[in-house]
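Novice:
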Amino acid sequence: MKNPAAGNFFEDFELGQTIVHATPRTVTTGDVSTFTALYGPRFAVQSSDKFAQDIGYPVAPIPDDLVFHIVIGKTVPDVSRNAIANLGYAEFRFLKPVYPGDTLAATSEVIGIKQNSSGKNGVVYVRTTGTNQAGEPALQFARWVMVNKRNLDAPAPETVIPDLDDHVTPDTIGGALPSLDMNHYDFDLAGSPLRWDDFEIGQKINHFDGQTIEEAEHQMATRLFQNTARVHFNQHIEGQGRFGRRLVYGGHIISIARNLQFNGLSNAFHWAALNGAAHVAPSFAGDTIYAWSEILDKAELDGRDDIGALRVRLFGVKDCDPADFPGVKEDGKYEDSVVLDFDCWLVMPR
Amino acid sequence: MKNPAAGNFFEDFELGQTIVHATPRTVTTGDVSTFTALYGPRFAVQSSDKFAQDIGYPVAPIPDDLVFHIVIGKTVPDVSRNAIANLGYAEFRFLKPVYPGDTLAATSEVIGIKQNSSGKNGVVYVRTTGTNQAGEPALQFARWVMVNKRNLDAPAPETVIPDLDDHVTPDTIGGALPSLDMNHYDFDLAGSPLRWDDFEIGQKINHFDGQTIEEAEHQMATRLFQNTARVHFNQHIEGQGRFGRRLVYGGHIISIARNLQFNGLSNAFHWAALNGAAHVAPSFAGDTIYAWSEILDKAELDGRDDIGALRVRLFGVKDCDPADFPGVKEDGKYEDSVVLDFDCWLVMPR
Amino acid sequence: MKNPAAGNFFEDFELGQTIVHATPRTVTTGDVSTFTALYGPRFAVQSSDKFAQDIGYPVAPIPDDLVFHIVIGKTVPDVSRNAIANLGYAEFRFLKPVYPGDTLAATSEVIGIKQNSSGKNGVVYVRTTGTNQAGEPALQFARWVMVNKRNLDAPAPETVIPDLDDHVTPDTIGGALPSLDMNHYDFDLAGSPLRWDDFEIGQKINHFDGQTIEEAEHQMATRLFQNTARVHFNQHIEGQGRFGRRLVYGGHIISIARNLQFNGLSNAFHWAALNGAAHVAPSFAGDTIYAWSEILDKAELDGRDDIGALRVRLFGVKDCDPADFPGVKEDGKYEDSVVLDFDCWLVMPR
Chain L
383 MKNPAAGNFF EDFELGQTIV HATPRTVTTG DVSTFTALYG PRFAVQSSDK
433 FAQDIGYPVA PIPDDLVFHI VIGKTVPDVS RNAIANLGYA EFRFLKPVYP
483 GDTLAATSEV IGIKQNSSGK NGVVYVRTTG TNQAGEPALQ FARWVMVNKR
533 NLDAPAPETV IPDLDDHVTP DTIGGALPSL DMNHYDFDLA GSPLRWDDFE
583 IGQKINHFDG QTIEEAEHQM ATRLFQNTAR VHFNQHIEGQ GRFGRRLVYG
633 GHIISIARNL QFNGLSNAFH WAALNGAAHV APSFAGDTIY AWSEILDKAE
683 LDGRDDIGAL RVRLFGVKDC DPADFPGVKE DGKYEDSVVL DFDCWLVMPR
Chain R
383 MKNPAAGNFF EDFELGQTIV HATPRTVTTG DVSTFTALYG PRFAVQSSDK
433 FAQDIGYPVA PIPDDLVFHI VIGKTVPDVS RNAIANLGYA EFRFLKPVYP
483 GDTLAATSEV IGIKQNSSGK NGVVYVRTTG TNQAGEPALQ FARWVMVNKR
533 NLDAPAPETV IPDLDDHVTP DTIGGALPSL DMNHYDFDLA GSPLRWDDFE
583 IGQKINHFDG QTIEEAEHQM ATRLFQNTAR VHFNQHIEGQ GRFGRRLVYG
633 GHIISIARNL QFNGLSNAFH WAALNGAAHV APSFAGDTIY AWSEILDKAE
683 LDGRDDIGAL RVRLFGVKDC DPADFPGVKE DGKYEDSVVL DFDCWLVMPR
Chain C
383 MKNPAAGNFF EDFELGQTIV HATPRTVTTG DVSTFTALYG PRFAVQSSDK
433 FAQDIGYPVA PIPDDLVFHI VIGKTVPDVS RNAIANLGYA EFRFLKPVYP
483 GDTLAATSEV IGIKQNSSGK NGVVYVRTTG TNQAGEPALQ FARWVMVNKR
533 NLDAPAPETV IPDLDDHVTP DTIGGALPSL DMNHYDFDLA GSPLRWDDFE
583 IGQKINHFDG QTIEEAEHQM ATRLFQNTAR VHFNQHIEGQ GRFGRRLVYG
633 GHIISIARNL QFNGLSNAFH WAALNGAAHV APSFAGDTIY AWSEILDKAE
683 LDGRDDIGAL RVRLFGVKDC DPADFPGVKE DGKYEDSVVL DFDCWLVMPR
């Protein structure tokens, strides 16, 4: 009898297959508190019911990155438990706000598959949808991972590579924004007078602070997200592995960096979409993570003159001064200190 | 004036005495979140209000092990603050479901007492009842501990050893299960198609994953349970003690093992009773805990054809491969790697 | 463009200036749970909705020290991000109870300013008010900090030193106590029979237990409070600094000591006012914190014969036996082990 906990290998995936992921999760104000202890978020909309209500939310929404982590966590046992690498994301959009008390579930469809030339593994493309208790999509994204084969003799499937957009176009974002009355957005309480109009394409922003990772922190975060990827929790195995230590969940770096972004982008309260992300290098306990952002693009949002979107390339870097903006070198390779390259659309008041 | 925080010694206990334990506790969704960060539980019933409601719960119940830890924590200052060893449990049953917002309190009755031949300590037997805000018992168990005497000259009490059942009989369990409509139990969302009928007596199940313990984690867990046993928190004292380090609360191992049990027993959503438990060896920060289970017995539940009970012997082991099922050796002694031997009744759909 | 995250320097403060601090925060039962995991509070009023309701609260109030940390956390980016030292507190009173769901915001008024003779820094006095969502003050205190100048050539402001009370007089405390029916206060459930009448001026109380600090714990606490002071989180910088390690937030020591106070002062459920506090020495991960209290004074509360106030000097000490009551030496200097000297008013039943 196969233990479902063993996870899927490359030959277990089939084009068109739909996977219902286990363990729906009711997200609560308790989760927001644990999340706050782990990342120290300070965006006013998600921190204060009153602030959120003043601009038209029924209550403070769940931080977008917490929604992301919970949805991705659900997919791990089925999609990436035996993954060698997370290769990419595309067509990643938040579609509905999530509030305390909502229950998130996730399904994935296999939209592409390609065995690698080595015959030992292959790339699986899935489109994952996180839904609320009413079945409404709250988050959707395509993702591709490299997965080992269990049985090297299993035949290669026909290669299908999905046609995915290079980036999310701004006319398709904002689905997770309810109708808002931004006239009541209080910039003093939000922590900065800097609005959409104050930022320029090409501008680089140093997010100043650094956060040193502890084993207990990244383990608690990853369990909070019910993410079971083994490399994060097991020193007995990982101590004998490639790095000699537990690997930090890549999403932990995303949330450290995203929440450091408050320093300089205090009003960028909503992460609306992700154009792409690379976990450039692994992170470990003891690393100090810094972040900086570059404004790649600006876009108005359909029919709204109160809010706008910034396309932001957020770099997570470690053990270095982010004031130097370490990113990509002239030869196209990343600087040694870069751990995360995260290209997203953020929404902020105009 | 005696500081109540000093706790009771052997001669402070008297047969028939009732102890009202301090600090009732309202259990909240916040506690569930902290618990999730500490143990990563994935049983769908406790994780999702919607899943729970679909089968007839008013809302997701509090995880049984969280209820247990809170009740046992209340008893520590009175019963086991000066205990040398936790010797056993019996007649341990969950009697009512506990929901967020319920307030747990605990009382214990001294049901047995026996001074040891050394004259330095003795065994105290108590029956502890955890009640909700309506005074209804939610959990009840007998427990015996070895406690030091304060004054070696104190006279020995008359020995009374209570008559405790060898194990909990299945006809007495299920009190904490409300009337359920298991037709709406979704096995895809629950994470496994394996039901009660799929398991056989004698079957061994490897729970695969390992969790490395961090000092911050076991301390936070033990404080969450308002358990004040000194050995878990004080490196200044324990550094000079027998082990040179802080001892991990035995219940921390129980919850690590219980929640690893999801891998292979995903549908065993309710821990209904405990037949006995031994903390076989101490655990410390840095240990990696694994778990495996053996099915000892199967039982139908009174008048219910939708759910059944499995008697499961759950072993917690450390720094070894659980696929080898390390347990009891031929000479009746435990394998070196065993830290927990936990004989319980679990309920799952048929 | 100045990044608001850089914080204020000495010359940015002006007498009479009002600072609206960023990021209002809705306090939830989730925060209470995280706080419980960090400090293990056991005061019954804050732990149990039922206990609180029995004496007249609508629901269990938020622990006072959690309210304090959240309010002080809001002031850090504006007031103390570039502070060299926290010099003192005065006229510190809790004014309204705070309940789960309440939203805290904070403003500060600059009430004094004095450049130091070195010309490199100065002292800034602020009066901070934490308000709830209705704008009602929940906590108010004066505080003074030493802050660096950014530009040494900036002219010195006119010196104004505010006239602050030496201590809070008992006739001005109790604002955060609703009308209570103390006849229903259950001393068994509260953990001790010792009431206000049982304590004497001059009495010293050993709070017994010790708590060893972990990096993950103080970082999670400090982030929970949205306190961004850089020295607590960044080993990359602090490893090269004066101490070679991250400094623990002084408030972390306050809450460890305050919650150890349960051992001996179990009924002192409300911290009503602070007369003054000194962070005598820095604390670091690995330190084991103990606490002891001396009763400095006793006071009746205006028109109430059911509760009374104790003026308590709470010492936090490290890596030593608190039974020795290490405090102030004959020469007026602190014993080496003292880290916190905290002079407060506590309220308890008579």
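Chains as they are written, first to last, in the numbering used here: chain L, 383 to 732; chain R, 383 to 732; chain C, 383 to 732. Glycine included, C-beta positions come from ideal geometry on N, C-alpha and C. Only a predicted model underlies this, so the values are computations on that prediction, with no experimental measurement involved.
1) Kindly give me the distance between the Cβ atoms of Y471 of chain C and I638 of chain C, rounded to whole angstroms, as I take these residues to be in contact under 8 Å.
2) Where do the ends of the alpha helix (DSSP H) carrying N514 of chain L lie?
3) Quick one: any contact between the region 386-400 of chain C and the region 493-505 of chain C, if contact means 3 or more CB pairs under 8 Å?
4) Which same chain residues end up closer than 6 Å to T594 of chain L when comparing Cβ atoms and leaving out the 5 residues on each side of it in sequence?
5) Is there at least one Cβ from chain C nearer than 9 Å to L629 of chain L's Cβ?
6) Give me the chain L residues within the contact set of G412 of chain C, using Cβ-Cβ distance strictly less than 8 Å, ordered along the chain.
7) Compute the Euclidean distance between the alpha carbons of Q643 of chain C and W674 of chain C, then round it to the nearest angstrom.
8) Compare the beta carbon distance of P445 of chain R and P423 of chain R with 9 Å and say whether it is the shorter of the two.
9) Is the distance from the Cβ of G623 of chain R to the Cβ of V630 of chain R below 9 Å?
10) Applying the criterion that 16 or more other CB atoms from any shown protein chain within 10 Å of the CB defines a buried residue, is G633 of chain C buried or exposed?
11) Which stretch, first to last residue, makes up the beta strand (DSSP E) that contains E491 of chain C?
12) If you scan the region 611-669 of chain R from start to end, which runs of the beta strand (DSSP E) of 3 or more residues do you find wholly inside it?
13) So which residues on chain B does I619 of chain R lean against when the C-beta distance must stay under 8 Å?
14) What's the C-alpha gap between E596 of chain C and H618 of chain C?
15) What do you reckon, are the CB atoms on L571 of chain R and S430 of chain R nearer than 9 Å?
16) List, in order along the chain, the chain L residues whose C-beta lies closer than 7 Å to that of E596 of chain R?
17) In chain R, which residues lie less than 8 Å from V402 of chain L when you measure between Cβ atoms?
18) Using CA atoms only, rank isn't needed, just tell me which of C:T411, C:G504 and C:E599 is closest to I466 of chain C.
19) Just the Cα atoms here: how many angstroms apart are F651 of chain C and G573 of chain R?
20) Using the beta-carbon count (16 or more within 10 Å), is T418 of chain C buried or exposed?
21) How would you call K711 of chain R, buried or exposed, if buried means at least 16 neighbouring beta carbons within 10 angstroms?
22) Report the residue ranges of all beta strand (DSSP E) runs contained in full by the region 514-553 of chain L; include only those spanning at least 3 residues, in chain order.
23) If I follow the unbroken beta strand (DSSP E) through G690 of chain R, where does it start and stop?
24) Beta-carbon within less than 8 Å of G483 of chain C's beta-carbon, same chain only, minus the 5 sequence neighbours each way: which residues are those?
25) Give me the chain L residues within the contact set of S430 of chain R, using Cβ-Cβ distance strictly less than 9 Å, ordered along the chain.
26) I need the straight-line Cα distance from F391 of chain R to I677 of chain C, nearest angstrom please.
27) According to the Cβ coordinates, are E518 of chain L and A598 of chain R closer than 9 Å?
28) What is the rounded straight-line gap between the Cα of V461 of chain C and the Cα of Q601 of chain L?
29) Where does K715 of chain C fall in DSSP's three states?
30) Does the region 545-554 of chain C come within contact of the region 472-482 of chain C, defined as at least 3 CB pairs closer than 8 Å?
31) Between L656 of chain L and the rest of its own chain, which residues show a CB-CB distance below 6 Å, the 5 nearest in sequence each way excluded?
32) Classify A774 of chain L as buried or exposed, calling it buried when 16 or more other Cβ atoms lie within 10 Å of its own Cβ.
33) Is the shortest distance between the beta-carbon of R612 of chain C and the beta-carbons of chain L less than 9 Å?
34) Taking DSSP as the reference, what is the three-state secondary structure of F450 of chain C?
35) Please name the residue or residues paired with V720 of chain L in a DSSP beta bridge.
36) Just the chain R side, please: which residues come within less than 9 Å of R693 of chain C by C-beta, in chain order?
Specialist: The structure says:
1) As a working note, residue 471 of chain C is residue 89 in the third sequence. As a working note, residue 638 of chain C is residue 256 in the third sequence. With 8 Å as the limit, Y471 of chain C and I638 of chain C do not qualify as a contact, their Cβ atoms being about 18 Å apart.
2) The count along the first sequence starts at 1 and reaches residue 514 of chain L at position 132. That residue, N514 of chain L, is in no alpha helix (DSSP H); it is neither H nor E in DSSP.
3) yes
4) As a working mapping, residue 594 of chain L is identified with position 212 in the first sequence. Cβ within range, chain order: T670.
5) Residue mapping note: residue 629 of chain L aligns to position 247 of the first sequence, counting from 1. By this cut-off, L629 of chain L is not an interface position.
6) For the purposes of this step, residue 412 of chain C is taken as residue 30 along the third sequence, with counting starting at 1. What G412 of chain C touches in chain L: T410, T411, G412, D413, V414, S415 and T416.
7) Along the third sequence, read from residue 1 onward, the residue named residue 643 of chain C stands at position 261. Along the third sequence, read from residue 1 onward, the residue named residue 674 of chain C stands at position 292. Rounded to the nearest angstrom, the two C-alpha atoms are 7 Å apart.
8) In the second sequence, the residue the question calls residue 445 of chain R occupies position 63. In the second sequence, the residue the question calls residue 423 of chain R occupies position 41. Yes, Cβ-Cβ distance for P445 of chain R and P423 of chain R is below 9 Å.
9) Numbered from 1 along the second sequence, position 241 holds the residue referred to as residue 623 of chain R. Numbered from 1 along the second sequence, position 248 holds the residue referred to as residue 630 of chain R. The answer is no: Cβ separation not under 9 Å.
10) On the third sequence, position 251 is the one that residue 633 of chain C refers to. When all chains shown are included, G633 of chain C counts as buried.
11) Working through the third sequence from its first residue, we reach residue 491 of chain C at position 109. It spans T485 to Q497 - the beta strand (DSSP E) in which E491 of chain C sits, taken as one unbroken run.
12) 652-661
13) In the displayed structure, chain B is absent; the protein chains listed are L, R and C.
14) Position 214 of the third sequence, counting from 1, holds the residue named residue 596 of chain C. Position 236 of the third sequence, counting from 1, holds the residue named residue 618 of chain C. Those two C-alpha atoms are separated by around 17 Å.
15) As a working mapping, residue 571 of chain R is identified with position 189 in the second sequence. As a working mapping, residue 430 of chain R is identified with position 48 in the second sequence. Against a cut-off of 9 Å, the Cβ pair of S430 of chain R and L571 of chain R comes out as a contact.
16) Here residue 596 of chain R is taken as the residue at index 214 of the second sequence, counted from 1. Correct list: E597, A598 and Q601.
17) Counting from one through the first sequence, the residue named residue 402 of chain L turns up at place 20. In chain order: D570 and L571.
18) Here residue 466 of chain C is taken as the residue at index 84 of the third sequence, counted from 1. Here the closest residue by C-alpha is C:G504.
19) Looking up residue 651 of chain C in the third sequence gives position 269. Looking up residue 573 of chain R in the second sequence gives position 191. Each residue's alpha carbon lies about 45 Å from the other.
20) Here residue 418 of chain C corresponds to residue number 36 of the third sequence, with the count starting at 1. Classification for T418 of chain C: buried.
21) Numbered from 1 along the second sequence, position 329 holds the residue referred to as residue 711 of chain R. Per the 10 Å Cβ criterion, exposed.
22) 519-530
23) Numbered from its first residue, the second sequence carries residue 690 of chain R at position 308. Where G690 of chain R is concerned, the enclosing beta strand (DSSP E) stretches over R686 to K700.
24) The residue you call residue 483 of chain C lines up with position 101 of the third sequence. T408, V409 and T410, listed in sequence order.
25) Numbered from 1 along the second sequence, position 48 holds the residue referred to as residue 430 of chain R. Those within 9 Å of S430 of chain R in chain L are T405, P406, R407, T408, T485, L486, A487 and Q515.
26) On the second sequence, position 9 is the one that residue 391 of chain R refers to. On the third sequence, position 295 is the one that residue 677 of chain C refers to. Computed Cα separation, rounded: 28 Å.
27) Position 136 of the first sequence, counting from 1, holds the residue named residue 518 of chain L. Position 216 of the second sequence, counting from 1, holds the residue named residue 598 of chain R. Not a contact, by the Cβ cut-off of 9 Å.
28) Here the question's residue 461 of chain C lines up with position 79 in the third sequence. Here the question's residue 601 of chain L lines up with position 219 in the first sequence. Their backbone Cα atoms lie some 33 Å apart in a straight line.
29) The residue given as residue 715 of chain C occupies position 333 in the third sequence. Reduced to three states, the DSSP call for K715 of chain C is coil.
30) yes
31) On the first sequence, position 274 is the one that residue 656 of chain L refers to. Cβ within range, chain order: Y471, F474 and C726.
32) Chain L is shown from 383 up to 732; residue 774 of chain L falls before or after that span and cannot be answered.
33) By 1-based counting over the third sequence, the position of residue 612 of chain C is 230. R612 of chain C counts as touching chain L.
34) As a working note, residue 450 of chain C is residue 68 in the third sequence. Here F450 of chain C sits in helix by DSSP.
35) The count along the first sequence starts at 1 and reaches residue 720 of chain L at position 338. DSSP output for V720 of chain L lists L:V699 as bridge partner(s).
36) In the third sequence, counting from the first residue as 1, residue 693 of chain C sits at position 311. Within 9 Å Cβ-Cβ: nothing; R693 of chain C doesn't reach chain R, min ~19 Å.
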